[in-house]
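Asks: Here it is, the structure, as structure tokens.
Protein chains: 2
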Amino acid sequence: MANPIFAPELLELITLEDTDTLQDVASSMHPAEMADFVAALEDTDVWRLLLLLPMQQAAEIFSHFDLDRQVDLASDVNRQAMAHMLEALPHDDRADLVNRLEPQVAEQILPLVARAEREDIRNLTSYPEGTVGAIMSSDYATLLPEMSIKDALEQIRLQAPTRETVYYIYVVNNEHLLIGFVSLKDLILAKPTQTVGDMMNPEVIHALADDHQDTASHPIEKYDLLALPVINAENKLVGIVTVDDIMDVQEAEATTDFHKIGGTDLIDVSLKEAGLAVLYRARVPWLLVLVFMNVFSGAGIAHFEDTIAAMSSLVFFLPLLIDSGGNAGSQAATLMVRALAIGDVRLRDWFSLLRKEVLISLLLGLTMALGAMLVAGFRAPEIAIPVGLTMICIVLFGSLVGMSLPFVLARFKFDPATASAPLITSIADIGGVLIYFAIATWWIRDILSDMGG
Amino acid sequence: MANPIFAPELLELITLEDTDTLQDVASSMHPAEMADFVAALEDTDVWRLLLLLPMQQAAEIFSHFDLDRQVDLASDVNRQAMAHMLEALPHDDRADLVNRLEPQVAEQILPLVARAEREDIRNLTSYPEGTVGAIMSSDYATLLPEMSIKDALEQIRLQAPTRETVYYIYVVNNEHLLIGFVSLKDLILAKPTQTVGDMMNPEVIHALADDHQDTASHPIEKYDLLALPVINAENKLVGIVTVDDIMDVQEAEATTDFHKIGGTDLIDVSLKEAGLAVLYRARVPWLLVLVFMNVFSGAGIAHFEDTIAAMSSLVFFLPLLIDSGGNAGSQAATLMVRALAIGDVRLRDWFSLLRKEVLISLLLGLTMALGAMLVAGFRAPEIAIPVGLTMICIVLFGSLVGMSLPFVLARFKFDPATASAPLITSIADIGGVLIYFAIATWWIRDILSDMGG
Chain R
5 MANPIFAPEL LELITLEDTD TLQDVASSMH PAEMADFVAA LEDTDVWRLL LLLPMQQAAE
65 IFSHFDLDRQ VDLASDVNRQ AMAHMLEALP HDDRADLVNR LEPQVAEQIL PLVARAERED
125 IRNLTSYPEG TVGAIMSSDY ATLLPEMSIK DALEQIRLQA PTRETVYYIY VVNNEHLLIG
185 FVSLKDLILA KPTQTVGDMM NPEVIHALAD DHQDTASHPI EKYDLLALPV INAENKLVGI
245 VTVDDIMDVQ EAEATTDFHK IGGTDLIDVS LKEAGLAVLY RARVPWLLVL VFMNVFSGAG
305 IAHFEDTIAA MSSLVFFLPL LIDSGGNAGS QAATLMVRAL AIGDVRLRDW FSLLRKEVLI
365 SLLLGLTMAL GAMLVAGFRA PEIAIPVGLT MICIVLFGSL VGMSLPFVLA RFKFDPATAS
425 APLITSIADI GGVLIYFAIA TWWIRDILSD MGG
Chain B
5 MANPIFAPEL LELITLEDTD TLQDVASSMH PAEMADFVAA LEDTDVWRLL LLLPMQQAAE
65 IFSHFDLDRQ VDLASDVNRQ AMAHMLEALP HDDRADLVNR LEPQVAEQIL PLVARAERED
125 IRNLTSYPEG TVGAIMSSDY ATLLPEMSIK DALEQIRLQA PTRETVYYIY VVNNEHLLIG
185 FVSLKDLILA KPTQTVGDMM NPEVIHALAD DHQDTASHPI EKYDLLALPV INAENKLVGI
245 VTVDDIMDVQ EAEATTDFHK IGGTDLIDVS LKEAGLAVLY RARVPWLLVL VFMNVFSGAG
305 IAHFEDTIAA MSSLVFFLPL LIDSGGNAGS QAATLMVRAL AIGDVRLRDW FSLLRKEVLI
365 SLLLGLTMAL GAMLVAGFRA PEIAIPVGLT MICIVLFGSL VGMSLPFVLA RFKFDPATAS
425 APLITSIADI GGVLIYFAIA TWWIRDILSD MGG
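Residue numbers (this note's numbering), protein chains in the order written: chain R, 5 to 457; chain B, 5 to 457.
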């Protein structure tokens, strides 16, 4: 699906107000593609184009711009045009947009939106970020239980053009309580003599609007659903969450975890678009905390000044040994954080995983000790044994801290991903310095006592 | 949806061969739930239950066991029963299962499978891991272009029970070339007098069976599709990839990246289930490489032995300074690896991001230098200035290595996530040691020359 025309030609069509050709161009592409295609135009030209297209088509294209661009566009046109656009946008997308508008812009536009749509926007924007309500949409299809299959199909035909999906249809009673579910597949397979109530599935997997959005993501993934109905505290149907929304949520959550494990707090921001101040604030807190934590490593080294003076070759192995603890710990923490995030591992698995980690880190430590002792053999054979012993202890220490800290954090309701690689490295460093010089001091105790005497 | 009966009662129903009650129980739950519910039973009891249920229902439950359990079950029953199960399983699931069976087990079962189904299995299992072909399913719904809408709906009713989805339907000609697409929604909205060819969309977004699975994941996400048709080199329709498969692929890919950034190569394995040998092999290679890399840091320290001897307080700041470079670098690398993975950032953005990184790391370095100089003020005011200068240089060095290495790797077709936090930390350490002691040596050059003289 190559672009049928180039941007300068598009601009010419807009200037000529060649509505027919523009509608043909827009119809030949997926709205997401069309949005990419016109994204390079100035805001005013985008609006000239959108206003030449049928409103429904324009809204589909608009909904595929990224949110920042939508905000710019919304602030850059007359309020009446934007109010009409809001009426035509998918309900979840327009709620996200209104949430992001400058308050004074929203206050000017919303009074111009039709009353029912305005109330829908107010409802959807009332749920706090991170809840199911904040990602749900209210343009779902519904049926009443007493309808015949024939009437039901007729209803679906009427609802189809304005609904997010008609493949999953929810059955509600007169009080809008969720009482059942039918799929469009079931409907077309049903005998025409049945009613919706006869054939509906009364056990509907659902989510609560006030719950965390993870509670919607889990059943959609587990049961391979296309959408999940959302009810409020009174059991009334208030929205649906669709599988494409959940894909976006999961991608955003994986990104947040990824950033956290690297020791940054960059959330819901494009790295490419993020400004200096945002990036600085996302990175500086942990860096500063770790600077001050590392004072303890320095103090550890200073404490063992006599040992170092007595055997200066010890310093050569310092980075190699203490980094190894940090590396093994980062590995363990990363594996554990991800396993907790995807539900592969739960809090109750901590003890059995701890036993496994002890065995593995002993094996790893032994292998790395052989490597380090090989280096020591060339460089300083007199300390090969304390170097090897230290390696085993340090790798064990780093690994156990790395695998346990995510569990401890999760246990006390903190985010396990706070156990970032840099944090584990710094903790492992402090432990590593103390372990290394304690073993070394014991190893060269005769030399030290000679010096002392 | 609480479990209606407990496991012992279930076992009793199985022993009594109470088919009616068992079918009721199975029908009252989602197959995924039923699979969880019976997972605790012995393999033989699972089979007794499955063989009491209608084959289609049994297959749906079977397809929701995890793959390891499916392999156990397949190897633990008479070959004829397993052959019938393969005939009834979703096409993509059975291909995955056959790929995982011991060759001798597969060789005994496959000849008992009906010929057409056996050929389908052979086709699907012929695509290498990581390709679109390896995740696609062949149970898609098709229509011919000359069909009337009425006949088409009748066809869909016939195909529905055995197809992965009937919401997206693909139009093929007599040579099975993919020539169009209709959705079930379009079909129920169409005028009965139209033909499928009249109303189909001839521009079908599709993937190639031999391409990397990312090429299927991208359009499904971008265009919010429920499924994507897959064609072979001759443009023949050979399968579909559904959105739930793509969710699994994306979760697995995010997990792999997550593990890589932590310096491990654990791929497609549950951390909870993984054995000692698997975990050891996933973790030891990088740990050993890094041990030997850190020899350079040690050599750097040894090289500056005279400087350290002349000003022993320098060692106090060593961990604090060199870790800061690694921490800033890990942050930069993590941000960049994820941004490249989700397409937020592309190769061509390197230069503009580099400029931004220089500015940010200078700001970060300056802040951290103030922190380090504060510590130095208490501890060793005589070296506060070289400590501060070193911090700025080290944070700049670590950040630029961390942000650039993922780009370099991607440029040469390696996985950017290979730029793991431990690797960046080790590179930053080597640079950090050299920067620190070079600055310190210059700072105390008068003391050193006095000692030398």
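C-beta: ideal position from N, C-alpha, C; glycine also.
Distance, Cα to Cα, Tyr284 of chain B vs Leu241 of chain R?
Replies: In the second sequence, residue 284 of chain B corresponds to position 280, counting from 1. In the first sequence, residue 241 of chain R corresponds to position 237, counting from 1. Roughly 50 Å between the two C-alpha positions.
Asks: Under the assumption that Gly184 of chain R contacts Val170 of chain R (Cβ atoms under 8 Å), give the Cβ distance between them as a whole number of angstroms.
Replies: Within the first sequence, numbered from 1, the residue matching residue 184 of chain R stands at position 180. Within the first sequence, numbered from 1, the residue matching residue 170 of chain R stands at position 166. With a Cβ gap of about 16 Å, Gly184 of chain R and Val170 of chain R do not count as contacting.
Asks: Hey, how far is the Cα of Asn178 of chain R from the Cα of Leu93 of chain R?
Replies: Taking the first residue of the first sequence as 1, we reach residue 178 of chain R at position 174. Taking the first residue of the first sequence as 1, we reach residue 93 of chain R at position 89. Their backbone Cα atoms lie some 27 Å apart in a straight line.
Asks: Excluding the 5 residues flanking Leu324 of chain B on each side, which residues of the same chain have their C-beta closer than 8 Å to its C-beta?
Replies: Here residue 324 of chain B refers to the residue found at position 320 when the second sequence is read from its first residue. These residues qualify, in order along the chain: Ala376, Val379.
Asks: Closest to Leu77 of chain R by CA distance: which of R:Asp97, R:Glu64, R:Glu46, R:Asp96 is it?
Replies: As a first step, residue 77 of chain R is located in the first sequence; it is residue number 73 there, counting from the start. When each option's Cα is compared against that of Leu77 of chain R, the closest is R:Glu46.
Asks: Just verifying my parser: in three-state terms, what is the DSSP assignment at Tyr131 of chain R?
Replies: For the purposes of this step, residue 131 of chain R is identified with residue 127 of the first sequence, where counting begins at 1. Tyr131 of chain R: coil per DSSP, three-state reduction.
Asks: Who pairs with Leu275 of chain B in a beta bridge, going by DSSP?
Replies: Here residue 275 of chain B corresponds to residue number 271 of the second sequence, with the count starting at 1. According to DSSP, Leu275 of chain B bridges with nothing at all.
Asks: Applying a beta-carbon distance threshold of less than 7 Å, which residues of chain R neighbour Tyr227 of chain B?
Replies: Stepping through the second sequence from its first residue, residue 227 of chain B is reached at position 223. Simply His34, Ala36.
Asks: Is it buried or exposed for Asn82 of chain B, if we count other Cβ within 10 angstroms and need 16 for buried?
Replies: The residue you call residue 82 of chain B lines up with position 78 of the second sequence. By the 10 Å Cβ count, Asn82 of chain B comes out exposed.
Asks: Assign Trp446 of chain R to buried or exposed, taking buried as 16 or more other Cβ atoms, counted over all protein chains shown, within 10 Å of its Cβ.
Replies: Reading the first sequence from its first residue, position 442 is the one you call residue 446 of chain R. The residue is exposed, with fewer than 16 neighbouring Cβ atoms inside 10 Å.
Asks: Measure from the C-beta of Gln335 of chain B to each C-beta in chain R and report whether the shortest distance is under 7 Å.
Replies: For the purposes of this step, residue 335 of chain B is taken as residue 331 along the second sequence, with counting starting at 1. Chain R contact via Cβ: present.
Asks: Would the segment 206 to 226 of chain R and the segment 235 to 252 of chain R be scored as touching if the rule is three or more Cβ pairs under 8 Å?
Replies: They touch, by the three-pair rule.
Asks: To the nearest angstrom, how far is the alpha carbon of Ala6 of chain R from that of Ser221 of chain R?
Replies: Locating residue 6 of chain R in the first sequence gives position 2, where the first residue counts as 1. Locating residue 221 of chain R in the first sequence gives position 217, where the first residue counts as 1. Legend: pLDDT at Ala6 of chain R = 43, less than 50; position of this residue unreliable, value from coordinates given subsequently. If you take the alpha carbons of Ala6 of chain R and Ser221 of chain R, they lie about 35 Å apart.
Asks: Under the DSSP definition of a beta bridge, which residues are partnered with Thr146 of chain B?
Replies: Residue mapping note: residue 146 of chain B aligns to position 142 of the second sequence, counting from 1. DSSP output for Thr146 of chain B lists B:Tyr174 as bridge partner(s).
Asks: Quick check: the segment 361 to 373 of chain R against the segment 275 to 294 of chain R, are at least 3 beta-carbon pairs closer than 8 Å?
Replies: These segments do not touch.
Asks: Ends of the beta strand (DSSP E) at Val186 of chain B?
Replies: Position 182 of the second sequence, counted from the first residue, corresponds to residue 186 of chain B. Val186 of chain B -> beta strand (DSSP E) spans 182 to 187.
Asks: Run through chain R and tell me which residues come within less than 7 Å of Glu309 of chain B, C-beta to C-beta.
Replies: Here residue 309 of chain B is taken as the residue at index 305 of the second sequence, counted from 1. By Cβ distance, chain R contributes Ser316.
Asks: Can you list, in chain order, the residues of its chain with a C-beta nearer than 8 Å to that of Glu13 of chain R? Leave out the 5 residues immediately preceding and following it.
Replies: The count along the first sequence starts at 1 and reaches residue 13 of chain R at position 9. If we look at Glu13 of chain R and ignore the five residues flanking it on each side, it has no Cβ neighbours.
Asks: Between the alpha carbons of Arg52 of chain R and Met86 of chain R, how many angstroms are there, rounded?
Replies: Stepping through the first sequence from its first residue, residue 52 of chain R is reached at position 48. Stepping through the first sequence from its first residue, residue 86 of chain R is reached at position 82. For Arg52 of chain R and Met86 of chain R, the distance between alpha carbons rounds to 13 Å.
Asks: Anything in the segment 259 to 274 of chain B with a Cβ closer than 8 Å to a Cβ of chain R? List those residues in chain order, please.
Replies: Residues Thr259, Asp261, Phe262, His263, Ile265, Gly266, Gly267, Thr268, Leu270, Ser274.
Asks: Strictly below 8 Å CB to CB, what residues from chain B border Ile364 of chain R?
Replies: Here the question's residue 364 of chain R lines up with position 360 in the first sequence. Those are Leu280, Leu283, Tyr284, Arg287, listed as they occur along chain B.
Asks: Can you tell me whether Gly457 of chain R is buried or exposed, with buried defined as 16 or more other CB within 10 angstroms of its CB?
Replies: Stepping through the first sequence from its first residue, residue 457 of chain R is reached at position 453. Reliability of the predicted coordinates at Gly457 of chain R is poor, the pLDDT of 47 falling under 50, and the value obtained from them is presented with this limitation in mind. Classification of Gly457 of chain R: exposed, given that the 10 Å Cβ count is below 16.
Asks: Helix, strand or coil: which one does DSSP assign to Ala211 of chain B?
Replies: Here residue 211 of chain B refers to the residue found at position 207 of the second sequence. Three-state DSSP puts Ala211 of chain B in a strand.
Asks: First and last residue of the beta strand (DSSP E) that includes Ala231 of chain R?
Replies: The count along the first sequence starts at 1 and reaches residue 231 of chain R at position 227. That run of the beta strand (DSSP E) goes 231 to 235.
Asks: Whose C-alpha, out of B:Leu71, B:Val109, B:Ser141, is nearest the C-alpha of Leu274 of chain B?
Replies: On the second sequence, residue 274 of chain B is found 270 positions in, with the first residue counted as 1. Checking the displayed sequence, the identity of residue 274 of chain B turns out to be Ser instead of Leu. Answer by Cα proximity: B:Leu71.
Asks: Please list the terminal residues of the continuous alpha helix (DSSP H) segment that includes Leu291 of chain R.
Replies: Within the first sequence, the letter at position 287 stands for residue 291 of chain R. Taken as a continuous stretch (DSSP letters only), the alpha helix (DSSP H) holding Leu291 of chain R covers 280 to 307.
Asks: At the 7 Å Cβ level, is Pro426 of chain B part of the contact set with chain R, yes or no?
Replies: Counting from 1 along the second sequence, the entry for residue 426 of chain B is found at position 422. Pro426 of chain B counts as touching chain R.
Asks: Excluding the five sequence neighbours on either side, which residues of its own chain have a C-beta within less than 6 Å of the C-beta of His263 of chain B, listed in chain order?
Replies: Looking up residue 263 of chain B in the second sequence gives position 259. Correct list, in chain order: Leu270.
Asks: Give the C-beta separation of Ala432 of chain B and Gly329 of chain B to the nearest angstrom, bearing in mind that I take them to be a contact with Cβ-Cβ under 8 Å.
Replies: What you label residue 432 of chain B is simply residue 428 of the second sequence in a count that begins at 1. What you label residue 329 of chain B is simply residue 325 of the second sequence in a count that begins at 1. 4 Å between Cβ atoms; contact.
Asks: Fully enclosed by the segment 385 to 417 of chain R, which alpha helix (DSSP H) runs are 4 residues long or longer?
Replies: Qualifying alpha helix (DSSP H) stretches, in chain order: 388 to 415.
Asks: Here's a check: name, in chain order, each residue in its chain whose Cβ is nearer than 6 Å to the Cβ of Ala138 of chain R, leaving out the five neighbours to either side.
Replies: Along the first sequence, one-based indexing puts residue 138 of chain R at 134. Counting only Cβ-Cβ distances below 6 Å, and skipping sequence neighbours, we find Tyr131.
Asks: So who's on the other strand from Pro244 of chain R, going by DSSP bridges?
Replies: Here residue 244 of chain R refers to the residue found at position 240 of the first sequence. Just to set this straight, residue 244 of chain R is Ile in the shown sequence, not Pro. According to DSSP, Ile244 of chain R bridges with R:Ser141, R:Pro233.
Asks: If you compare alpha carbons, which of B:Ile192, B:Tyr172, B:Ile448 is closest to Val186 of chain B?
Replies: Indexing the second sequence from 1 puts residue 186 of chain B at position 182. Of the candidates B:Ile192, B:Tyr172, B:Ile448, the one whose C-alpha sits nearest the C-alpha of Val186 of chain B is B:Tyr172.
Asks: Just to confirm, are Ala39 of chain B and Ile18 of chain B a CB contact at a threshold of 7 Å?
Replies: Working through the second sequence from its first residue, we reach residue 39 of chain B at position 35. Working through the second sequence from its first residue, we reach residue 18 of chain B at position 14. Contact: no.
Asks: Taking the Cβ atom as the reference point for each residue, do Asp124 of chain B and Ser142 of chain B lie within a distance shorter than 7 Å?
Replies: Walking along the second sequence from the start, residue 124 of chain B turns up at place 120. Walking along the second sequence from the start, residue 142 of chain B turns up at place 138. Yes, the pair counts as a contact, with Cβ atoms nearer than the cut-off.
Asks: Which runs of the alpha helix (DSSP H) at least 4 residues long sit entirely within the segment 14 to 100 of chain R? Give them in chain order.
Replies: Taking only runs of at least 4 residues, the alpha helix (DSSP H) segments lying wholly in the segment 14 to 100 of chain R are 23 to 31, 35 to 42, 47 to 56, 59 to 66, 71 to 79, 83 to 92.
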